[in-house]
Amino acid sequence: AAIIVVAGMDGALPSVVGGLVRVPVIAVPSSVGYGASFNGLAALLTMLNSCAAGVVVCNIDNGFGAAMAAARILGEPAV
Numbered sequence: 106a107a108i109i110v111v112a113g114m115d116g117a118l119p120s121v122v123g124g125l126v127r128v129p130v131i132a133v134p135s136s137v138g139y140g141a142s143f144n145g146l147a148a149l150l151t152m153l154n155s156c157a158a159g160v161v162v163c164n165i166d167n168g169f170g171a172a173m174a175a176a177r178i179l180g181e182p183a184v
């Protein structure tokens, strides 16, 4: 099993989820946010600096890449 977490704003949600579950968490920063989100760069940098174990990060708005990473974790054949 794996969990895909999409978060914008400050990008803290994947760290919280990673601390609560025992499966890999795939974090996807969103380019949508308010304030100084810098089109997702703020969320991306926050996710890359996470201390939570088992959190991996995809690029900004890369939901397809996150889904492919989850498929690889689950052992599904590549599309």
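Under our numbering, the first residue of the sequence shown is numbered 106, with each subsequent residue one higher.
Positions of the beta carbon are idealized from the N, C-alpha and C atoms, including for glycine.
Just so we're clear, the structure is a prediction, and the values are computed from it rather than from any experiment.
By the 10 Å Cβ neighbour count, where 16 or more other Cβ atoms means buried, how is residue i classified, buried or exposed?
i	result
C156	exposed
L149	buried
G138	buried
In the DSSP assignment, find the alpha helix (DSSP H) that holds residue i and state where it starts and stops.
i	result
A117	Neither: A117 is in no alpha helix (DSSP H) and is coded neither H nor E.
R127	Note, R127: premise wrong, no alpha helix (DSSP H); not H, not E.
G168	168-179
Between residue i and residue j, how many whole angstroms is the CB-CB distance? I'm expecting something under 8 angstroms.
i	j	result
V133	A107	Not confirmed; about 12 angstroms, so no contact.
S135	D166	6 angstroms
Identify every residue that forms a DSSP beta bridge with residue i.
i	result
A132	V110, V162
Just list the alpha helix (DSSP H) runs in the region 134-163, keeping only unbroken ones of 4 residues or longer that don't cross its boundaries, in chain order.
Listed in chain order, they are 146-153.
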